[in-house]
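To keep things clear, I will list the structure first and then write my remarks on it.
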């Protein structure tokens, strides 16, 4: 049931590329028993008796009650760890609420919603067959199947390159040519090390080059930005048949933007008014030296205060890199802590009425889904009242940033270059081979990890510095992480104002900010 997992250790919820399912809405609130069933549906079933404890004489496991209606009473620190001291660095921070990045032309947007979800109806973008909606077996792929998927991507983007740049038929990378020829393929590295200007090779396409490989000479190419897995068309000479001297680089163009009502794309609509306020946050939700989850409590306070229409929450909720996880000092199972995290968020934000969208890995669909709680796939493309959002929790910015090489007098900002690659390569994760911490199921990757359109907003949380940028007409947001080690981090907020002007598309993200928790 996992599209791909980046498990950095046992119990990690970070970078889980998984599937979820939008379920029919229902009215009414959950009672205690129904709510427990909902939360149990998203945790790993325990083996054996539920009453058995893992306590030791030195650290007896305290009893916990699940009957409290207060969301803040759920996280009693001594329930999870022998250490009950909150992080001093986090509590002593003096920059709470500071706006560290801004974007947009809307003057003085109201950073508050009307409550009750603002009448939003989040749904998956596209047809049902384009989204993961049921369980499936994963990680049983064969090397031949992986090669097949990569070949399909090269052929698909090759057709787009040929149409966009009006190219003639491609030549083989294996045949000597005294005159300039155009070849199609995927950028690779000639060794196991990092890509550099002297180690770049092109893995040719299957149709014209039979998958052959040739080294690239980039000395005559003035500007380029390359990374392993990038699909390109190159023009150059291959006089010896052993090296291609590149003179021109053709890149894929991004898919069209969606139209204003979320149904299809390429159509401009005038006067499409309205607006919503959205909060996006990414874990970890507690500091590395404590499991008191004070940052999560502060985020819930923000949601109660500002009453956003939509809250998008990325994992990890239980981080495998946490000090007390690595040292085996937790007194509760990962699933129990995760279940209480969900309960804390759902119960704590009930008064705000915000739609909650969790980007994580459900094990199986819940029997009684909540009216305002949505579990979606990672990655996924979401439609919120005509605004299309691309969402992924995998740190693709960091992974690609360590592999990309460039020589350019134009775009010097590496973030912008990487984001441009994501959009033009039409994939949530165009890097190949993937990062060592990421396991990719390529059979499902081709169907469910491609960008069906260029989204209005792309949210890509990363360990790297937060930002909000307009890249090729798409507003790209890195809200940062809610905590950075022992100190507080950041979250993002967006003001959506859906409208277009005559003859010109206008991005619905009227304003955006990154704010310190």
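Residue numbers (my numbering): 24 to 540.
The beta-carbon is built from N, C-alpha and C at its ideal position, and this holds for glycine as well.
On a predicted model such as this, the values are computed, not experimentally measured, just so you know.
(request) Count the other C-beta atoms from every protein chain shown that fall within 10 angstroms of the C-beta of residue 540, then say buried if there are 16 or more, exposed otherwise. (result) Along the chain shown, read from residue 1 onward, the residue named residue 540 stands at position 517. So residue 540 counts as buried.
(message) Please identify the residue among 111, 483 and 175 whose C-alpha is closest to the C-alpha of residue 442.
(response) Position 419 of the chain shown, counting from 1, holds the residue named residue 442. Closest by alpha carbon: 483.
(request) State the Cα-Cα distance for the pair residue 251 and residue 214, rounded to the nearest angstrom. (result) Working through the chain shown from its first residue, we reach residue 251 at position 228. Working through the chain shown from its first residue, we reach residue 214 at position 191. If I take the Cα positions, the gap works out to 11 Å.
(request) Give the range of the alpha helix (DSSP H) segment to which residue 504 is assigned. (result) Translated into the one-based positions of the chain shown, residue 504 becomes position 481. According to the DSSP assignment, residue 504 belongs to no alpha helix (DSSP H), since it is labelled neither H nor E.
(request) Please work out which residues of its chain come closer than 8 Å, Cβ to Cβ, to residue 538, disregarding the five sequence neighbours upstream and downstream, and give them in chain order. (result) Counted from its first residue, the chain shown places residue 538 at position 515. 120, 121, 122, 123, 513, 514, 515 and 516.
(request) For my contact list, residue 377 and residue 330 are in at a C-beta cut-off of 8 Å; report their separation, rounded to the angstrom. (result) Against the chain shown, residue 377 aligns to sequence position 354. Against the chain shown, residue 330 aligns to sequence position 307. The beta carbons of residue 377 and residue 330 sit about 7 Å from each other, so the pair counts as a contact at 8 Å.
(request) Using three-state DSSP, classify residue 250 as helix, strand or coil. (result) As a working note, residue 250 is residue 227 in the chain shown. Reduced to three states, the DSSP call for residue 250 is coil.
(request) Give a yes or no on whether the C-beta atoms belonging to residue 109 and residue 315 are separated by under 7 Å. (result) Indexing the chain shown from 1 puts residue 109 at position 86. Indexing the chain shown from 1 puts residue 315 at position 292. In this structure, residue 315 lies closer than 7 Å to residue 109 by Cβ.
(request) Check residue 468 in the structure and name its three-state DSSP category. (result) For the purposes of this step, residue 468 is taken as the residue at position 445 of the chain shown. In the structure shown, residue 468 sits in a helix (DSSP, three-state: H, G or I).
(message) Can you tell me whether residue 366 is buried or exposed? The criterion is at least 16 other CB atoms within 10 Å of its CB, across all chains shown.
(response) Here residue 366 corresponds to residue number 343 of the chain shown, with the count starting at 1. Buried is the call here.
(request) Can you give me the Cβ contacts of residue 492 inside the same chain, cut-off strictly under 7 Å, excluding the 5 residues immediately before and after it? (result) Residue numbering aside, residue 492 sits at position 469 when the chain shown is read from its first letter. Taken in chain order, the residues that qualify are 438, 439, 442 and 499.
(message) So for residue 174, helix, strand or coil by DSSP?
(response) Position 151 of the chain shown, counting from 1, holds the residue named residue 174. Here residue 174 sits in helix by DSSP.
(request) For residue 241, I'd like the list of residues in its chain whose CB is within less than 7 Å of its CB, leaving aside the five on either flank, ordered along the chain. (result) In the chain shown, the residue the question calls residue 241 occupies position 218. Once the five neighbours on either side are set aside, the close Cβ partners of residue 241 are 220, 223, 247 and 269.
(request) Using 10 angstroms around the beta-carbon of residue 166, count the other beta-carbons present and answer buried if the total reaches 16, otherwise exposed. (result) Taking the first residue of the chain shown as position 1, residue 166 is located at position 143. Label assigned to residue 166: exposed.
(request) Can you give me the start and stop residues for the alpha helix (DSSP H) that residue 397 sits inside? (result) Position 374 of the chain shown, counted from the first residue, corresponds to residue 397. Unbroken run through residue 397 is the beta strand (DSSP E), 396–399; no alpha helix (DSSP H).
(request) Determine the direct distance from the alpha carbon of residue 402 to that of residue 260, and round the result to whole angstroms. (result) Translated into positions along the chain shown, residue 260 becomes position 237. Translated into positions along the chain shown, residue 402 becomes position 379. Each residue's Cα considered, the two are about 40 Å apart.
(request) Closer than 7 Å by C-beta to residue 453: which residues in its own chain qualify, once you throw out the five before and the five after it? Chain order, please. (result) As a position in the chain shown, residue 453 is number 430, starting the count at 1. Closer than 7 Å at Cβ, skipping near neighbours: 252, 253, 444 and 445.
(request) Report all residues from its chain with a CB closer than 6 Å to the CB of residue 194; omit the five preceding and five following residues, and keep chain order. (result) Mapped onto the chain shown, residue 194 falls at position 171. Closer than 6 Å at the Cβ level, and outside the excluded window around residue 194, lie 204 and 206.
(request) Provide the residue span of the beta strand (DSSP E) that contains residue 439, from first to last. (result) Position 416 of the chain shown, counted from the start, is the residue given in the question as residue 439. Note, residue 439: premise wrong, no beta strand (DSSP E); alpha helix (DSSP H) at 437–447.
(message) Taking its Cβ as the centre, do 16 or more other Cβ atoms sit within 10 Å of residue 199, making it buried, or is it exposed?
(response) The residue labelled residue 199 in the question sits at position 176 within the chain shown. Classification for residue 199: exposed.
(request) Would you kindly work out how many angstroms separate the C-alpha atoms of residue 118 and residue 518, rounded to a whole number? (result) Your numbering for residue 118 matches position 95 in the chain shown. Your numbering for residue 518 matches position 495 in the chain shown. Cα to Cα, residue 118 sits roughly 23 Å from residue 518.
(message) Nearest by alpha-carbon distance to residue 273: which of 317, 475 and 208 is it?
(response) Locating residue 273 in the chain shown gives position 250, counting from the first residue. Of 317, 475 and 208, the residue nearest in Cα terms is 208.
(message) Could you check whether the Cβ of residue 322 sits closer than 6 Å to any heavy atom belonging to the ligand HEM?
(response) In terms of ligand content, the structure shown is empty, and the ligand HEM therefore cannot be addressed.
(request) Grab me the residues of residue 137's own chain with a C-beta within less than 8 Å of its C-beta, minus the 5 sequence neighbours each way, in chain order. (result) Working through the chain shown from its first residue, we reach residue 137 at position 114. Answer for residue 137: 330 and 332, listed in chain order.
(request) State the CB to CB distance for the pair residue 415 and residue 451, rounded to an integer number of angstroms; the pair is presumed to be in contact (CB under 8 Å). (result) Here residue 415 corresponds to residue number 392 of the chain shown, with the count starting at 1. Here residue 451 corresponds to residue number 428 of the chain shown, with the count starting at 1. Right, their Cβ atoms sit about 5 Å apart.
(message) Please tell me whether residue 271 and residue 258 are closer than 7 Å, where the distance is taken between their beta carbons.
(response) Residue numbering aside, residue 271 sits at position 248 when the chain shown is read from its first letter. Residue numbering aside, residue 258 sits at position 235 when the chain shown is read from its first letter. Contact flag set, yes.
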